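A.B. asks: Once you know that position 34 of the sequence shown is 119 in this note's numbering, the rest is easy, because the numbers rise by one and skip nothing.
Cβ coordinates follow ideal geometry from the N, Cα and C atoms, glycine included.
What you are looking at is a predicted structure, and each value in this text was computed from that prediction instead of being measured.
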Amino acid sequence: LKVLSDEEDNRILECAVGGNADLIVSRDRHLLTLKKYQNIPIVTAVDLLHSVPASCQEQKGEGGSP
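1) Do Q123 and V152 count as a contact pair if the criterion is CB distance below 8 Å?
2) Need the endpoints of the alpha helix (DSSP H) that V102 sits in, please.
3) Enumerate in chain order the residues of its own chain whose CB-to-CB distance from S90 is below 8 Å, with the five nearest sequence positions on each side excluded.
4) Near K121, what residues of its chain come up, given a Cβ to Cβ distance below 8 Å and the 5 sequence neighbours on each side ignored?
5) Could you spell out where the alpha helix (DSSP H) holding V128 opens and where it closes?
Listed below in structure tokens is the structure:
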């Protein structure tokens, strides 16, 4: 696979496709520039947290691990 010039980034993409990932969470600017690879969204952790419904976030501290 040769999508990006950084071979380590290409390995991330290969693993995501091979593992049928639902999404890729990364801080890597090269990966984030793609926004999506083979229908797999590439997002930051902040973007992911903003996409979690408020009802799920409210349950975080209730009776479970923090």
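C.D. replies: If we stick to the structure as given:
1) Since the displayed the chain opens at 86 and closes at 151, residue 152 lies outside it and no answer follows.
2) E92 to G103
3) H115
4) Same-chain partners within the cutoff: I127.
5) Element bounds for V128: not the alpha helix (DSSP H) but the beta strand (DSSP E), I125 to V128.
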